[in-house]
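Chemist: I have a structure I would like to understand better, so I am pasting it below and will then ask my questions one at a time.
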Amino acid sequence: MKLDEENTRRKCGRPMLQSTWLRHQSGQARPGRYSTHRIQTSSTSTAAAAFAVATSASSNPRSPPPTSPPAARRDSIISTAATMRVLNVLRHWISKHSSDFWSDERLRGLTMDFLKEIENSPGLLPAEHKAASQLLRLLERAPDRAVDLKAIFAPPPVPTKESIETLSALEIAEQMTYLDYLIFSSIRSEEFLGQAWTKADKADRAPHILMMTAHFNHISNLVISEILKKYTLPGRVAAIEKWAAVADIARCLHNFNGVLQVCAALSNTSIYRLKKTWEKVSKTSKQTIEKLQTLISSECRFRVLRDALHRCDPPCIPYLGMYLSDLSFIEEGTTNYTPDGLLNFSKMRMIAHVIREIRNFQQTPYKIEHIPKVCDFLLERSLIIAEERQYTLSLELEPRPARGSGVSMTHATAPASPGS
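Using the working numbering, the letters of the sequence shown correspond one by one to residues 4 to 423.
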């Protein structure tokens with residue numbers, strides 16, 4: 004009888020396998036059957052952890068043999084899902100932050116070893132092999148040659164012969180945008196953390212933010228200098244109108260940083276006080292400047308500018324100072340830890356939201372060709388009048404009215420301050 008029972012079980016094993024699978028589904032399976040879940044949630048420091056799910060059942064002596072088709076299929080699905088999740092995380096990391104891997108050779112080597120193990124594992128599906136191979140190619144392919152910012156932004160070896168008169172407003176606006184984007188796109192996310200740009204070691208922690216700030220001030224001083232160098236009133240009027248056109252084209256290019264550079268110069272005291280000059284500026288130019296001043300006004304935390312940024316399509320260069328103010332407000336107004344000693348995730352999310360918005364603007368480049376002669380003009384330091392000399396020169400061009408003359412220096416034709 005026992006022999007007949009054994010033969011029957013061997014011939015009709017399906018009902019027994021089915022009941023075993025049902026017991027497993029209802030939670031009655033032996034503990035060893037759940038080893039796949041433990042491996043799935045364990046550390047993935049080695050490549051084996053990513054695909055161990057596929058082989059864990061056979062390696063656990065307490066687990067029943069994987070002879071049930073439904074159970075084997077379920078384990079395969081879990082294995083594939085776990086591996087693909089890991090690969091998707093890596094894909095996002097490599098595509099969005101490739102510099103992390105090229106600046107850290109150890110990280111790059113460990114990641115490539117991990118992907119090679121997945122690529123060569125016979126127990127995985129073709130889709131998993133393909134995904135690993137694609138990521139390997141991304142890591143093996145040398146990145147696009149990094150732009151040498153120091154070389155591009157170095158002052159020209161020979162003083163430029165170009166001037167505001169010899170260059171068109173379009174050329175100037177486009178090359179301003181070209182230079183602004185080169186720096187802006189080079190700023191790494193970690194430079195925005197912990198107000199790094201204000202610390203003693205800011206040159207090491209936030210070099211590109213400092214470079215962006217220095218370039219902003221340089222262009223603003225160039226605009227001021229080009230106006231003050233014109234000793235005739237018509238010359239100063241033409242210079243103001245030219246720079247107003249440059250700023251408006253920068254707005255059309257969605258280079259709001261460039262708009263601020265010019266508007267900050269036109270609102271500088273040395274330029275703002277030139278009453279006789281502003282009286283001769285055309286109505287069209289005055290209206291353009293007024294429109295731009297409204298756009299970049301700091302009222303309500305740059306409300307108008309933020310609306311414009313959210314409406315425009317990339318490429319776009321925002322005013323970086325606005326985001327630095329946002330980050331400073333978050334850092335200074337919120338603690339890193341809650342009263343219970345837990346990490347303040349609410350603060351971290353706010354910081355991440357600001358940085359994510361900046362990163363979105365960094366992703367889309369401009370299709371503007373580099374024109375060396377125009378960039379040489381924009382970067383020529385010898386054209387800059389020292390800040391302490393600017394106001395003195397302004398007084399020489401248009402002296403203060405004598406006391407008691409009754410002439411007021413207040414005039415509606417000059418632009419308002421960008422911060423008003």
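The beta carbon of each residue, even a glycine, is placed where N, CA and C say it ideally should be.
In whole angstroms, what separates the C-alpha of A217 from that of R94?
Modeler: For the purposes of this step, residue 217 is taken as residue 214 along the sequence shown, with counting starting at 1. For the purposes of this step, residue 94 is taken as residue 91 along the sequence shown, with counting starting at 1. Approximately 35 angstroms between the Cα atoms of the pair.
Chemist: Just tell me which of A311, A405 and R306 has its CA closest to the CA of D329.
Modeler: Taking the first residue of the sequence shown as 1, we reach residue 329 at position 326. Nearest option by C-alpha distance: R306.
Chemist: Starting from the C-beta of K376, find all residues in its chain whose C-beta is less than 6 angstroms away, skip the five residues before and the five after it, and write them out in chain order.
Modeler: On the sequence shown, residue 376 is found 373 positions in, with the first residue counted as 1. Around K376: E165.
Chemist: Determine the direct distance from the alpha carbon of I252 to that of D316, and round the result to whole angstroms.
Modeler: Taking the first residue of the sequence shown as position 1, residue 316 is located at position 313. Taking the first residue of the sequence shown as position 1, residue 252 is located at position 249. Rounded to whole angstroms, D316 to I252 spans 16 angstroms at the Cα level.
Chemist: Assuming E432 contacts I374 under a Cβ cut-off of 8 angstroms, what Cβ separation, rounded to an integer in Å, is found between them?
Modeler: What the structure shows of the chain is the stretch from 4 to 423, and residue 432 is not part of that stretch, so it cannot be assessed.
Chemist: Going by DSSP, what residue range makes up the alpha helix (DSSP H) through F380?
Modeler: For this step, residue 380 is matched to residue 377 along the sequence shown. For F380, the uninterrupted alpha helix (DSSP H) segment begins and ends at P375 to L382.
Chemist: Do the region 116 to 136 and the region 84 to 94 make contact, defined as three or more Cβ pairs closer than 8 angstroms?
Modeler: yes
Chemist: Just verifying my parser: in three-state terms, what is the DSSP assignment at I222?
Modeler: Looking up residue 222 in the sequence shown gives position 219. Here I222 sits in helix by DSSP.
Chemist: Contact check, N271 vs I387 under 8 angstroms by CB: the rounded distance?
Modeler: Residue numbering aside, residue 271 sits at position 268 when the sequence shown is read from its first letter. Residue numbering aside, residue 387 sits at position 384 when the sequence shown is read from its first letter. Wrong, their Cβ atoms sit about 13 angstroms apart, outside the cutoff.
Chemist: Taking just the CA atoms, how far does S98 sit from R140?
Modeler: The count along the sequence shown starts at 1 and reaches residue 140 at position 137. The count along the sequence shown starts at 1 and reaches residue 98 at position 95. Between R140 and S98, the C-alpha separation is close to 12 angstroms.
Chemist: Which class does Y340 belong to by DSSP, given the choice of helix, strand or coil?
Modeler: Along the sequence shown, read from residue 1 onward, the residue named residue 340 stands at position 337. In the three-state reduction of the DSSP assignment, Y340 falls in the strand class.
Chemist: Name, in chain order, the residues that DSSP records as bridge partners for N258.
Modeler: Within the sequence shown, numbered from 1, the residue matching residue 258 stands at position 255. By DSSP's assignment, N258 forms a beta bridge with I320.
Chemist: Are there 16 or more other CB atoms within 10 angstroms of the CB of K245, so buried, or fewer, so exposed?
Modeler: Position 242 of the sequence shown, counted from the first residue, corresponds to residue 245. It is buried - the Cβ of K245 has at least 16 other Cβ atoms within 10 Å.
Chemist: Would a C-beta distance cut-off of 8 angstroms place V357 and Y322 closer than the cut-off?
Modeler: Translated into positions along the sequence shown, residue 357 becomes position 354. Translated into positions along the sequence shown, residue 322 becomes position 319. No; because the gap between Cβ atoms is not below 8 angstroms, this pair is not in contact.
Chemist: Would you mind sorting T201 into buried or exposed? The rule is 16 or more other CB atoms within 10 Å of its CB.
Modeler: Taking the sequence shown and counting its residues from 1, one reaches residue 201 at position 198. So T201 ends up on the exposed side.
Chemist: Using DSSP's beta-bridge definition, name the partner residues of L231.
Modeler: Here residue 231 is taken as the residue at index 228 of the sequence shown, counted from 1. For L231, which the question treats as bridged, DSSP gives no partner whatsoever.
Chemist: Helix or strand or just coil, what does DSSP make of L330?
Modeler: The residue given as residue 330 occupies position 327 in the sequence shown. If DSSP states are grouped into helix, strand and coil, L330 belongs with the helices.
Chemist: Decide if S59 is buried, meaning its Cβ has at least 16 other Cβ atoms within 10 Å, or exposed.
Modeler: Reading the sequence shown from its first residue, position 56 is the one you call residue 59. Low local confidence applies: a pLDDT of 44 at S59 is under 50, so the model's placement there is unreliable, and no value is given.
Chemist: Helix or strand or just coil, what does DSSP make of L346?
Modeler: On the sequence shown, residue 346 is found 343 positions in, with the first residue counted as 1. Residue state, collapsed to three classes: strand.
Chemist: By Cβ distance below 6 angstroms, which residues in the same chain neighbour S102 in space, the five residues on each side in sequence not counted?
Modeler: As a first step, residue 102 is located in the sequence shown; it is residue number 99 there, counting from the start. Nothing listed; no residue qualifies.
Chemist: In three-state DSSP terms, what is V284?
Modeler: Within the sequence shown, the letter at position 281 stands for residue 284. Residue state, collapsed to three classes: coil.
Chemist: What's the C-alpha gap between E143 and T291?
Modeler: Here the question's residue 143 lines up with position 140 in the sequence shown. Here the question's residue 291 lines up with position 288 in the sequence shown. Going by the C-alpha atoms only, they are around 50 angstroms apart.
Chemist: Buried or exposed: S397, going by 16 or more other Cβ atoms within 10 Å of its Cβ?
Modeler: Position 394 of the sequence shown, counted from the first residue, corresponds to residue 397. So S397 counts as buried.
Chemist: Could you check what DSSP says for Q296 in three-state terms: helix, strand or coil?
Modeler: For this step, residue 296 is matched to residue 293 along the sequence shown. Helix, per DSSP.
Chemist: So, with DSSP's three-state summary, where would you put T169?
Modeler: For this step, residue 169 is matched to residue 166 along the sequence shown. Coil at T169, not helix or strand.
Chemist: Would L90 and L128 be called neighbours here (beta carbons separated by less than 8 angstroms)?
Modeler: One-based indexing of the sequence shown puts residue 90 at position 87. One-based indexing of the sequence shown puts residue 128 at position 125. Not closer than 8 angstroms, so no.
Chemist: Helix, strand or coil: how does DSSP classify Y369 here?
Modeler: Taking the sequence shown and counting its residues from 1, the one referred to as residue 369 is at position 366. In this structure, Y369 counts as coil in the three-state DSSP scheme.
Chemist: Between the C-alpha atoms of L269 and Y275, what's the straight-line distance to the nearest angstrom?
Modeler: Start at 1 with the first residue of the sequence shown, and residue 269 comes out as number 266. Start at 1 with the first residue of the sequence shown, and residue 275 comes out as number 272. If you take the alpha carbons of L269 and Y275, they lie about 6 angstroms apart.
Chemist: H211 and E194 look like a contact to me (Cβ under 8 angstroms); what is the Cβ gap, rounded to whole Å?
Modeler: As a first step, residue 211 is located in the sequence shown; it is residue number 208 there, counting from the start. As a first step, residue 194 is located in the sequence shown; it is residue number 191 there, counting from the start. Indeed, because the Cβ distance is near 6 angstroms, the residues count as touching under 8 angstroms.
Chemist: By how many angstroms is the C-alpha of P158 removed from the C-alpha of K232?
Modeler: In the sequence shown, the residue the question calls residue 232 occupies position 229. In the sequence shown, the residue the question calls residue 158 occupies position 155. Near 20 angstroms, if we compare the C-alpha coordinates of P158 and K232.
Chemist: So the candidates are H313, V262, I299 and T235; which of them puts its Cα closest to the Cα of L277?
Modeler: Counting from 1 along the sequence shown, the entry for residue 277 is found at position 274. The option with the nearest alpha carbon to L277 is T235.
Chemist: DSSP on A154, reduced to helix/strand/coil?
Modeler: Mapped onto the sequence shown, residue 154 falls at position 151. In this structure, A154 counts as helix in the three-state DSSP scheme.
Chemist: Would you mind sorting A250 into buried or exposed? The rule is 16 or more other CB atoms within 10 Å of its CB.
Modeler: Numbered from its first residue, the sequence shown carries residue 250 at position 247. So A250 ends up on the buried side.
Chemist: What does a CB cutoff of less than 7 angstroms around K279 pick up in its chain, not counting 5 residues either side in sequence?
Modeler: For the purposes of this step, residue 279 is taken as residue 276 along the sequence shown, with counting starting at 1. L236 and E401, listed in sequence order.
Chemist: One question on the structure: do N123 and M179 come within less than 8 angstroms of each other, judged by their Cβ atoms?
Modeler: Translated into positions along the sequence shown, residue 123 becomes position 120. Translated into positions along the sequence shown, residue 179 becomes position 176. In this structure, the beta-carbon distance from N123 to M179 does not fall below 8 angstroms.
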